[in-house]
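Colleague: Here the sequence shown is numbered in this note's numbering, starting from 45 and rising by one per residue.
One structure coming up, written as C-alpha cells, with questions to follow.
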Amino acid sequence: MIKKTLGRTGLKVTQLGYGSMGLRGPRTWGVRVVEEADADKFLNAVLDAGINFIDTAPDYGISEERIGRYISSRRDEFYLATKCGCSYTQHEDHIEIDHVWEKDVVARNIETSLKRLQCDSIDLLQFHGGDAVTLQKSGLIDLLLQYRDQGVIKFIGSSSKLPSLPDLIDLAVFDTFQIPYSCLSPEHNELITRAGESGAGIIIRGGIAHGGPDAEIQRPALNDVWTAAGLDELVSDEMSRAELILRYTLTHPHCDTTIVGTCNHEHLAENLAAAAKGPLPASLFEEIKQRVACQN
C-alpha cells in the first residue's frame, strides 16, 4: 500500500483511503443500504487490506456509530477524520441535513462524534463546508484551535470547494483540505496544487465515484464528458475504466489520499489493485488531461 505524508500533519496515510458515507444505513437517502453484519465485515475488510485513513461525518446517518461499534477496538490501525458544522434531523424515513456555523452546533458535533466513535480524540476534524468570513466571524476557527490545544482533536481541516476554497486556503490555518477532483471533474486542479504548496495535506473526494460509466453511482453529466473525450480509446485490456479514473486522481502530485466510498468487496479489491499500480504513465495522464480540457 503506497503511503504519503498528509501535509504538515506528518501523518503517513495510505493513498487509498475509505469514505464511509455509504455506511449511513436506512432512513437516510438513496437506495444503497448496508445491513449491520455487512457493515461490520466491510469495515474490518478495509483495515485488513491495509487502508489506514477513514473519513466520516455526523450527518452520515449511523456511519460514525458503525465505525465505533465495529472497529474502535482497532483504533491504533487507522487515522480517523470526521467533520463539524453538521445540523441534521432524523425523520421517520429520511435524514434532513443542514450546515450551521454556530459554536453550540460544533461543540455538540464533537461531543456526539467522540461518543459514537468510541474514542477519546479525533485525528482530523474538518469543517463540513463554510466560507472564510463566516468561520472567522463566528469564532469557529478559534474554537477548533482550543479543542486542538486540549488534545480533543489533533489537526483541523476544511472540506470545501469553489467558490469558498480560495479564501479558505488564504487563511493559512488549516492542516488539510478535502477537495473534489477527478479526470472528468478537474476544475479544482490548480487549487489542489495551491493548497498543497501551502503545506496543507490534500484529501481528494470523488476521485473515482465522480464519473465513469462503470461507477457504482451514475452521474450522467460526467459520463457525457467521458464519451465526448473518447476516453474508451485509452482503456486497454489490462486497465478498466475505474482503474484509469482512480490512477489519474492518484497521479496528481499533491494527492495525499483519496477517499473511496464503495461498500462492495469486489470493487474494494479492484481499487486496491489499481492503487497498488501507482500513478499513470506521464504520457497517458497528459493525453487524458488534454482530451477532457477540449470539452470545456
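Where is the CB? At the ideal position from N, CA and C, for every residue including glycine.
Among the residues of its own chain, which have a CB less than 8 Å from the CB of His298, if the five just before and after it don't count?
Modeller: Against the sequence shown, residue 298 aligns to sequence position 254. Closer than 8 Å at Cβ, skipping near neighbours: Ile236, Thr237, Ala239, Gly240, Glu241, Ile246.
Colleague: I want to know whether the region 142 to 156 touches the region 310 to 328 - three or more CB-CB distances under 8 Å.
Modeller: Touching, no.
Colleague: Starting from Val304 and walking both ways along the beta strand (DSSP E), at which residues does that stretch end?
Modeller: On the sequence shown, residue 304 is found 260 positions in, with the first residue counted as 1. Run containing Val304: 301 to 304, per the beta strand (DSSP E) assignment.
Colleague: Within the same chain, show all residues whose beta-carbon is closer than 7 Å to that of Glu108, passing over the 5 residues directly before and after it, in chain order.
Modeller: Numbered from 1 along the sequence shown, position 64 holds the residue referred to as residue 108. In its chain, beyond the 5 residues on either side, Thr100, Pro102, Thr126, Ser157, Arg160, Leu161 have a beta carbon closer than 7 Å to the beta carbon of Glu108.
Colleague: Could you compute how far the alpha carbon of Val217 sits from the alpha carbon of Leu50?
Modeller: In the sequence shown, the residue the question calls residue 217 occupies position 173. In the sequence shown, the residue the question calls residue 50 occupies position 6. Looking at the two C-alpha atoms, the distance is approximately 15 Å.
Colleague: From Leu124, Ser117, Ala83, Gly74, pick the residue whose C-alpha is nearest to that of Lys56; which is it?
Modeller: Stepping through the sequence shown from its first residue, residue 56 is reached at position 12. Of Leu124, Ser117, Ala83, Gly74, the residue nearest in Cα terms is Leu124.
Colleague: Indicate whether the contact test is met: 3 or more Cβ pairs, each with one atom in the region 131 to 142 and one in the region 114 to 123, closer than 8 Å.
Modeller: no
Colleague: Considering only the beta carbon of each residue, do Gln59 and Thr220 sit closer than 8 Å?
Modeller: Indexing the sequence shown from 1 puts residue 59 at position 15. Indexing the sequence shown from 1 puts residue 220 at position 176. It is not a contact, given that the beta carbons lie outside the stated cut-off.
Colleague: Three-state secondary structure (DSSP) at Gly112?
Modeller: In the sequence shown, counting from the first residue as 1, residue 112 sits at position 68. Gly112 falls in the helix class under three-state DSSP.
Colleague: What is the rounded straight-line gap between the Cα of Arg71 and the Cα of Ala313?
Modeller: Translated into the one-based positions of the sequence shown, residue 71 becomes position 27. Translated into the one-based positions of the sequence shown, residue 313 becomes position 269. Take the alpha-carbon of Arg71 and the one of Ala313: they are about 28 Å apart.
Colleague: Using DSSP with H/G/I as helix, E/B as strand and the rest coil, what is Asp148?
Modeller: In the sequence shown, counting from the first residue as 1, residue 148 sits at position 104. If DSSP states are grouped into helix, strand and coil, Asp148 belongs with the helices.
Colleague: In chain order, what residues of the same chain lie with their CB nearer than 7 Å to the CB of Asp137, ignoring the 5 residues before and after it?
Modeller: The sequence position of residue 137 within the sequence shown is 93, counting from 1. Contacts found: Arg71.
Colleague: What do you get for His172, buried or exposed, if any count of 16 or more other CB atoms within 10 angstroms of its CB means buried?
Modeller: If you number the sequence shown from 1, residue 172 lands on position 128. Buried, because 16 or more other Cβ atoms sit within 10 Å of the Cβ of His172.
Colleague: I'd like to check one pair, Leu189 with Val150: are the Cβ atoms closer than 8 Å?
Modeller: As a position in the sequence shown, residue 150 is number 106, starting the count at 1. As a position in the sequence shown, residue 189 is number 145, starting the count at 1. For the pair Val150 and Leu189, the CB atoms are not nearer than the 8 Å cut-off.
Colleague: How long is the line joining the alpha carbons of Arg110 and Val177, rounded to whole angstroms?
Modeller: Your numbering for residue 110 matches position 66 in the sequence shown. Your numbering for residue 177 matches position 133 in the sequence shown. Computed Cα separation, rounded: 34 Å.
Colleague: Using a Cβ-Cβ cutoff of less than 8 Å, which residues in the same chain neighbour Met65 once the five nearest sequence positions on both sides are dropped?
Modeller: For the purposes of this step, residue 65 is identified with residue 21 of the sequence shown, where counting begins at 1. The residues are Thr100, Ala101, Tyr104, Ser107, Gly305.
Colleague: Based on Cα-Cα distance, which residue from Glu282, Cys130, Cys163, Asp148 lies nearest to Ala317?
Modeller: The residue given as residue 317 occupies position 273 in the sequence shown. Among Glu282, Cys130, Cys163, Asp148, the Cα nearest to that of Ala317 belongs to Glu282.
Colleague: So the candidates are Arg52, Gly243, Glu231; which of them puts its Cα closest to the Cα of Gly251?
Modeller: Working through the sequence shown from its first residue, we reach residue 251 at position 207. Comparing Cα-Cα distances from Gly251 to each of Arg52, Gly243, Glu231, the minimum goes to Glu231.
Colleague: Based on the DSSP secondary-structure assignment, which residues constitute the bridge partners of Gly44?
Modeller: No answer is possible for residue 44: it lies beyond the span of the chain, which begins at 45 and ends at 340.
Colleague: Going residue by residue through the region 257 to 339, where are the continuous beta strand (DSSP E) segments of at least 3 residues, counting only ones entirely within it?
Modeller: Taken in chain order, the complete beta strand (DSSP E) segments of 3 residues or longer contained in the region 257 to 339 are 301 to 304.
Colleague: Does the beta-carbon distance from Ser202 to Gln180 come in below 8 Å?
Modeller: Within the sequence shown, numbered from 1, the residue matching residue 202 stands at position 158. Within the sequence shown, numbered from 1, the residue matching residue 180 stands at position 136. No, these two residues do not count as a Cβ contact at 8 Å.
Colleague: Is Asp99 helix, strand or coil by DSSP?
Modeller: Numbered from 1 along the sequence shown, position 55 holds the residue referred to as residue 99. Strand, per DSSP.
Colleague: Give me whichever residues DSSP pairs with Gly69 in a beta bridge.
Modeller: Position 25 of the sequence shown, counting from 1, holds the residue named residue 69. Partner(s): none; Gly69 has no beta bridge.
Colleague: So if DSSP puts Tyr132 in a beta bridge, which residue, or which two residues, is it bridged to?
Modeller: Within the sequence shown, numbered from 1, the residue matching residue 132 stands at position 88. In DSSP, Tyr132 forms a bridge with Ile141.
Colleague: Cutting at 6 Å between CB atoms, please list the residues of its own chain near Phe199, excluding the five before and the five after it.
Modeller: As a first step, residue 199 is located in the sequence shown; it is residue number 155 there, counting from the start. Excluding sequence neighbours, Phe199 sits near Thr53, Leu168, Asp219.
Colleague: Would Ile289 and Ser226 qualify as a contact pair, given that the criterion is a beta-carbon distance under 8 Å?
Modeller: Numbered from 1 along the sequence shown, position 245 holds the residue referred to as residue 289. Numbered from 1 along the sequence shown, position 182 holds the residue referred to as residue 226. Yes.
Colleague: Spell out whether any CB of chain C is found under 8 Å from the CB atom of Lys198.
Modeller: Structure shown: chain C not included; a single protein chain is present.
Colleague: Of the residues Asp211, Asn153, Asp175, Pro207, which one's Cα is nearest the Cα of Val196?
Modeller: Residue mapping note: residue 196 aligns to position 152 of the sequence shown, counting from 1. Checking every option, the nearest Cα to that of Val196 belongs to Asn153.
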